[in-house]
Amino acid sequence: MVVFQELRACPKGEGLNLTSHTPEGKTRSNKRKIVKTSLLIPSPVLLSPGPAAGLVLSTPSFPVSVSHGETAFLLVSLNFSSSVPTYFQIRWRFITGPWPVLIVKADNCKGAHQWWDACETTVAKSERYRHRAEWSSEGASLILQDARVEDSGIYEIKVLALGVRLSANINLTVINETSTPPLNATAFDDQRSGVSSSKSRIGLSGHLGCVGFPAPVSLKVGFGRDYTVPNIIRLSLAGLILCLLGFIIAENVASCYTRQREAGVHQMETPFSSSSFSVPDL
């Protein structure tokens, strides 16, 4: 159940009446074990009796929370229990900034309770909120589109009329969902492949493959990137280069051995080919 805080402008000397009520207009009662609060304090502003003395401003009693990029609705209900003043203003201001958001000017009001239909209204927006801030035409609510983290803070609504000045604050919190901590490698791998498959891959790291090397383990970090395939490619290229170097070395050794054997045979055949035999005369 949404609870609103109601600020009621009373005639001078009666103070400021603060009550709690539900959106259906029903006051909380003790029968539902909900406490009805009524506080009478001296009014800090000058309030004069007259048509504008029955002004009622209702705001949420809890902070408004939205996610980044969503639309924030700062709901406010502004009603006149008696006749509407001929002219009044509604000012929205970001106190945390501080800077103004927008101003609604109501003029030539005809005295009906639904003032948004009985007044000529004009809206003036600040340059900072020109494309994001809107005003609800059926009340005094502020609509803030494309909410950002820097929009978090306290917003003040102020109603100004002849002899009446009434204000209330609303706390807005914009949550940045992208600031949540990322999952670690194990948790991310468990989500993608299951806990059992992840544990089975981790268990392979303790066993040797058929060639005497540890079996490769798939490790996924960050956004699930698999580093097994690049490692296998690098190892394969390294093995191919080693094999090529071994082949070249073996070829050189064999060539040197062959040349040495040919040189030795040539040295053994040279004395027999160069010697001459003489035949004795008979």
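Under full-length UniProt numbering, residues 1 to 282 are what the sequence shown spells out, in order. Each residue gets a CB set at the ideal place from its N, CA and C atoms; glycine is no exception. Since the structure is predicted, the reported quantities are computational estimates derived from the model, not experimental observations.
Counting C-beta pairs with one atom in each stretch, the segment 141-161 and the segment 73-82 have three or more that are closer than 8 Å, which means they touch. By the criterion of at least three beta-carbon pairs nearer than 8 Å, the segment 90-99 is in contact with the segment 155-170. A distance below 8 Å between beta-carbons, with the five flanking residues on each side excluded, links GLY97 to the following residues of its chain, in chain order: GLY153. Residue environment analysis places ASP107 among the exposed positions, since fewer than 16 neighbouring C-beta atoms fall within 10 angstroms of its C-beta.
Pairing THR173 with VAL66 gives a Cβ-Cβ distance under 9 Å. DSSP places ALA168 in no alpha helix (DSSP H) but in the uninterrupted beta strand (DSSP E) bounded by 164-175.
Assignment of VAL84 by DSSP, reduced to helix, strand and coil, places it in the coil class. DSSP places THR96 outside both helix and strand once states are collapsed to three, so it counts as coil. About 5 Å separates the beta carbon of GLN89 from that of LEU160, a gap short enough to meet the 8 Å contact definition. In this chain, the alpha helix (DSSP H) harbouring ALA118 covers 115-118. Per DSSP, the continuous beta strand (DSSP E) segment holding VAL56 begins and ends at 55-60. VAL64 and ALA168 have their C-alpha atoms spaced approximately 14 Å apart.
If you draw a straight line from the Cα of SER136 to the Cα of ARG128, it is about 19 Å long.
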